[in-house]
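Chains as they are written, first to last, in this note's numbering: chain A, 1 to 178; chain B, 1001 to 1461.
Ideal Cβ placement from N, Cα and C applies to all residues, glycine included.
Every value quoted in this text rests on a predicted model; they were computed, and no experiment measured them.
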């Protein structure tokens, strides 16, 4: 398959948002947008599905809570009961107030860390990975919109993109994908 | 412009009349002598026996089981009895006439407490809203100005509400505050040491300062806010910013002292450093819930076309966040007292767990478990009926919270939820609806002229 994409570069986030909306109304397919900072509302404008990361985070939190309960039960009740401050640890329920901070911390710990790891995996990020960023300027002050040029008339598309306010437009024919 | 519909007006007036009748009944039906108390207790016993011996026995075992809840949780028999033996504020046990006299006092206190719980609960909604409003001004928040008229409507209840609460706490005397009993103080070194702060003249002066300060801010903030709609410069807005900052400083000090004066000094031997914050958390979360509910109500009627679901989303986020904040403080107070296990501190929780077991735990479920589960999902925060559902649960939960602040400290084990309690809720709910309904109706609900109004209307999450 021949992958032909157009990179349109903008210099302002408001302009980019407007361009994204216009491009989508004109039925062109935006494959990716690169921005130096998170642009508010861009995900909705591109039409990305809402993230499911929150659901995974909730599940990880529940796992963390369970781990904490089992762990404290094993450490403080089953394996080595101790009499701390006149509170003999005969069962979990009698000592629960003391365990709640740990339950809370592990819930947050699991939810936070596992969510970040999930995010890395889902975004295919790992150490020493080569950057996918097509233009280093998008890490500074430029915004790049990548449009699938596939079956469209490139000239017409270029003209359209100029009208949306693009500063620079380049056609990328990706040979590696052959 | 909103006008209180005549039906709602009539409804609120009926509520007030019914409530007033019930409260009056509550005050007149209290026993006045020890003999009355004996009769009441005898009647209670007869009632228990009336179910037959077997039932009576079952009932008795159930009671012992409940009474030993703390012992069971402690894994030590006789723990609670031992701890309560040193308790000076809430006398659980006693002998003969002395005990009866105490029960008489508690029964006479009951209508006072019932009225105070509801009066303070509804004042709390308005007062917390006033603080939220001041924070919006002080922070120069851009999202919230569309809700300013709604908040101002709710805070119109601060004036009548605070005056009623003022009179209750001033006239309650020894019903609420044992330190006002001179005989008791004469024989109590701890209370004598505290008498430089806990004495009636100073108490009265403080109460006047709180009520006056809150109402003055409300008066000037509202006036500036209304003037902003008419002038071409931003002077009223700037003035409001300034007085809001000073009000917040004033409020956090007076709120702390108010919590000590009106709640903590009901048990003058017991204290907790966290207490004022705890009362504030209750106040704040209920107030934000009240704002959300009133906003949803008005928007449902079509009076707030400029409020979108992003505003609702933010209010629900605040409800969610402050429910967790409240739980954090609740647990912070509970765990330290539980862990340290100092006799004069644990009595506070022993009486609440023993005599108010169901309310004590159900409050946690209502104020923490439900809000966290219902409001966790981002999308649910935008669905009005979801927010209403969570809001009603939160309000019920925090009513119970105030109930548990007041009742165990004043009437101890002799509490019940009867005519007086329900009537006082009716009365103050009626008054609340009536006052904020008329308060909302005075001006257009769109705060014209506010420098952030456009940003607020376009607010989009």
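Within chain A, the residues placing a beta-carbon under 9 Å from that of residue 1460(B) are 40 and 41, ordered along the chain. Under the Cβ distance rule, residue 97(A) counts among the residues neighbouring chain B, one pair being separated by less than 9 Å. Secondary structure remark: continuous alpha helix (DSSP H) runs of at least 4 residues inside the stretch 1158-1233 of chain B, in chain order: 1158-1172, 1182-1186, 1189-1194 and 1200-1228. Where residue 148(A) is concerned, the enclosing beta strand (DSSP E) starts and stops at 143-148. Runs of the alpha helix (DSSP H) lying entirely within the stretch 1403-1458 of chain B, each at least 4 residues long, are 1419-1440 and 1453-1457 in chain order.
For residue 116(A), the enclosing alpha helix (DSSP H) begins and ends at 92-122.
Under the Cβ criterion of 9 Å, residue 81(A) is not counted among the residues facing chain B. Across the stretch 1333-1358 of chain B, CB contacts with chain A closer than 9 Å involve 1334, 1335, 1338, 1339, 1340 and 1341, in sequence order along the chain.
Excluding the 5 residues flanking it on each side, residue 1363(B) has same chain C-beta neighbours closer than 7 Å at 1397, 1400, 1401 and 1404, in chain order.
Beyond the five residues adjoining it in sequence on each side, residue 1159(B) comes within less than 6 Å, by CB distance, of 1215 in the same chain, given in chain order. Within the stretch 1304-1360 of chain B, the runs of alpha helix (DSSP H) that reach at least 4 residues and sit entirely inside it are, in chain order, 1309-1340 and 1343-1355. Cβ-Cβ separation between residue 1459(B) and residue 1311(B): approximately 6 Å, consistent with a contact (criterion under 8 Å). Among the CB atoms of chain B, one or more fall inside 9 Å of the CB of residue 101(A). Nearest neighbour of residue 42(A) by Cα position, chosen from 12(A), 71(A) and 136(A), turns out to be 12(A). Residue 1297(B): member of the alpha helix (DSSP H) spanning 1275-1300, first to last residue.
Selection 1411(B), 1441(B) and 1162(B) evaluated against residue 1218(B) yields 1162(B) as nearest (Cα-Cα). Under a criterion of Cβ atoms nearer than 7 Å, the residues of chain B adjacent to residue 86(A) are, in order, 1341.
With a threshold of 9 Å between beta carbons, residue 119(A) makes no contact with chain B. In this structure the stretch 1277-1288 of chain B does not touch the stretch 1189-1196 of chain B; the number of beta carbon pairs closer than 8 Å is below three. DSSP, reduced to helix, strand and coil, places residue 1007(B) within a helical segment of the structure shown.
In this chain, the beta strand (DSSP E) harbouring residue 34(A) covers 29-34. Only residues of its own chain outside the window of five on either side were considered, and among them 1217, 1220 and 1221 have a CB closer than 7 Å to the CB of residue 1243(B), listed in chain order. For residue 1378(B), at least one C-beta of chain A is nearer than 9 Å to its own C-beta. By the C-beta density criterion, residue 1261(B) is buried, having at least 16 other C-beta atoms within 10 angstroms. In the DSSP annotation of this structure, residue 1369(B) is not part of any beta strand (DSSP E), being labelled neither H nor E. Assigned with DSSP and collapsed to three states, residue 1083(B) falls in helix.
Secondary structure of residue 1039(B) (DSSP, three-state): helix. For residue 1229(B), the closest alpha carbon among the candidates 1453(B), 1002(B), 1457(B) and 1439(B) is that of 1453(B).
Taking residue 1017(B) as reference, the option from 1425(B), 1451(B) and 1154(B) with the minimal CA-CA separation is 1425(B). One Cα belongs to residue 1439(B), the other to residue 53(A), and the distance between them is close to 44 Å. With a cutoff of 9 Å on beta-carbon distance, residue 1371(B) and residue 1334(B) are scored as not near each other. Looking only at 119(A), 111(A), 9(A) and 166(A), the smallest Cα-Cα distance to residue 51(A) is reached by 119(A). Residues of chain A with a Cβ closer than 7 Å to the Cβ of residue 1331(B) are, in chain order, 100.
Inclusion of residue 65(A) and residue 103(A) in the CB contact set at 9 Å is warranted, their separation being smaller than that value. Taking 9 Å as the cut-off, the Cβ atoms of residue 87(A) and residue 98(A) count as close. Here residue 161(A) is buried: its Cβ has 16 or more other Cβ atoms, across all protein chains shown, within 10 Å.
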